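Residue numbers 1 to 153, in the UniProt record's numbering, belong to the letters of the sequence shown in order.
Just so it is clear, CB atoms sit at the ideal spot from N, CA and C, and this is done for glycine as well.
Since the structure is predicted, the reported quantities are computational estimates derived from the model, not experimental observations.
Beneath this line is the structure, given in structure tokens, with notes to follow.
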Amino acid sequence: MKTATTPQGCTNLKIRQLDRMVSRHYDRYVGAAGLKNTQYALLTHVVKLGPIRPGDLARRMQMDASTLTRNLQPLVAQGWVTVAAGDDARSRLVEATEAGRAKQAEGQRAWKAAQLALNARLGVEQVAALHVLLDACIANLDEDGAGAEGVSL
1 MKTATTPQGC TNLKIRQLDR MVSRHYDRYV GAAGLKNTQY ALLTHVVKLG
51 PIRPGDLARR MQMDASTLTR NLQPLVAQGW VTVAAGDDAR SRLVEATEAG
101 RAKQAEGQRA WKAAQLALNA RLGVEQVAAL HVLLDACIAN LDEDGAGAEG
151 VSL
């Protein structure tokens, strides 16, 4: 791995390029379970954190509320997630159904295969170092305290 004393190029561009490449890698595996990568991540968070208020879920996933609402729609349509009334008339709760829990478990098997394949391709040490770097960056850029505490996929 080359090291530089000053950043070379655009950090945003490099992160977006890596994100697209890694997303394609995981999509190939998770797609076999009938899920998109984003759906698997969302379903996993709902399974592990639910029932949960949409605003809390959005914060934990570092996404805005409108994106969360849009991404929940296909999961609700498939019967994997419900969005029901909460404690009062203005609140809502997101929860996984039994079918959603089963789909998440299927997706997790595919995700695990994707993770092992990525580890093999990049090297476990490099992936571990990347995680440390990413976690530190997330912590430093976190503006609302949600951090990288999310859910282990």
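Per the C-alpha coordinates, the member of Leu35, Leu18, Leu122 and Thr82 positioned closest to Arg92 is Thr82.
For Leu93, no alpha helix (DSSP H) encloses it; the enclosing beta strand (DSSP E) starts and ends at Arg92 to Ala96.
No residue range can be given for Ala33, since it is assigned to no beta strand (DSSP E) and is classified by DSSP as neither H nor E.
When DSSP states are grouped into helix, strand and coil, Ala89 belongs to the coil group.
Rounded to the nearest whole angstrom, the CA to CA distance from Leu68 to His131 is 24 Å.
Residue pairing of Thr82 in beta bridges, as defined by DSSP: Glu95. Within the model, the alpha-carbon separation for Leu18 versus Ala89 is close to 43 Å.
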